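Beneath this line is the structure, given in structure tokens, with notes to follow.
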Amino acid sequence: MHVDTIVALATPAGAGAVAIIRLSGPQAIAQAEAVFVSIKGKKLSAQKSHTLHLGTLIDHGKVIDQVLVALYRNPHSYTGEDVVEINCHAETAIR
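The opening position of the sequence shown corresponds to residue 6 in the working numbering, with each subsequent residue numbered one higher.
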């Protein structure tokens with residue numbers, strides 16, 4: 006059985022101060038680690054469930070936003086899968 010990892014905007018599109026990008030599935034943490042750098046230099050994969058992490062969102066080596074990342078490990082998330090929520094500024098270029 007193939008299980009996908011889903012990435013979607015969890016907040017309404019349009020004007021707003023904060024956007025939440027939600028990743029859910031077996032590769033959620035790995036995919037988030039590919040674009041997130043913690044200010045403490047710690048990997049998300051080494052962190053406990055139900056924790057928040059301040060850091061930066063990176064695109065091709067360039068910082069694009071300061072973000073807050075919430076980490077929920079399976080099976081203790083509302084989807085029962087690994088879930089990562091990236092809370093970023095609601096700029097169109099970031100979303």
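C-beta atoms are modelled at their ideal positions from N, C-alpha and C, and glycine is treated no differently. Keep in mind that this is a model prediction, so the values were computed, not measured.
Item: Secondary structure at Ser-82, three-state DSSP: helix, strand or coil?; Value: coil
Item: Going by beta-carbon coordinates alone, are Phe-41 and Gly-66 separated by less than 8 Å?; Value: no
Item: Measuring alpha carbon to alpha carbon, tell me which residue in Ala-20, Ala-18 and Gly-85 is nearest Ala-33.; Value: Gly-85
Item: Check this for me: beta carbons of Glu-38 and Leu-49, under 8 Å apart or not?; Value: yes
Item: Does the ligand ATP have even one heavy atom less than 7 Å from the beta-carbon of Tyr-77?; Value: This structure does not include the ligand ATP; it has no bound ligands of any sort.
Item: Using 8 Å as the threshold, is the C-beta distance between Val-72 and Leu-57 below it?; Value: no
Item: Alpha carbon to alpha carbon, what distance is there between Cys-93 and Val-23?; Value: 6 Å
Item: Given a threshold of 16 other Cβ atoms within 10 Å of its Cβ, counted over all protein chains shown, does Leu-76 qualify as buried or as exposed?; Value: buried
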